[in-house]
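Read the structure below first, then the notes.
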Amino acid sequence: MTAIKLEAVPEFNKELKVLCKKYKHLETDFKKFQRVLEKTSINFMPGNHRISDLGVTVKTPVYKLKNFRSLDFKSKGSRSGFRIIYAHIIEKEDDKIIFIEIYHKNNQSNHDKPVF
């Protein structure tokens, strides 16, 4: 099994920092998620969906994790939690995961709406 490198774009780090101020358990929960991601195949993660129709210029697979829960939302139901968008770059030596965006499900529901 190849090693997986985890990186984040600067915008992701800013979004995570803002959300961590509001949700006190998010930082710990995200670190747990990173440890799981390093050991688990992306194809077998529940709630993980590949984003399609990104155009011909985007060759890297981009995924949306729809079921990222935090202890901050314990007993809040299925509509609570965060979504994480990330890219999975497969290289000869190592795989790389780049975190692109994190947001609360209730704050950016327009991401799932079709664009015409």
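According to this note's numbering, the sequence shown is numbered sequentially starting from -11. Even for Gly, the Cβ is constructed at its ideal location relative to N, Cα and C.
Endpoints, beta strand (DSSP E) assigned at N95: Position 107 of the sequence shown, counted from the first residue, corresponds to residue 95. N95 -> no beta strand (DSSP E), and no H or E assigned at all.
Local conformation of K80 per DSSP, three classes: One-based indexing of the sequence shown puts residue 80 at position 92. Of the three classes helix, strand and coil, the one that applies to K80 here is coil, per DSSP.
Report back the beta-carbon spacing between L4 and L25 to the nearest angstrom; my notes put them in contact at under 8 Å. As a working note, residue 4 is residue 16 in the sequence shown. As a working note, residue 25 is residue 37 in the sequence shown. With a Cβ gap of about 15 Å, L4 and L25 do not count as contacting.
Looking at the structure shown, is I88 part of a helix, part of a strand, or coil, going by DSSP? By one-based count along the sequence shown, residue 88 stands at place 100. Of the three classes helix, strand and coil, the one that applies to I88 here is strand, per DSSP.
Cα-Cα separation, H37 to K52: On the sequence shown, residue 37 is found 49 positions in, with the first residue counted as 1. On the sequence shown, residue 52 is found 64 positions in, with the first residue counted as 1. The alpha-carbon atoms of H37 and K52 are separated by roughly 5 Å.
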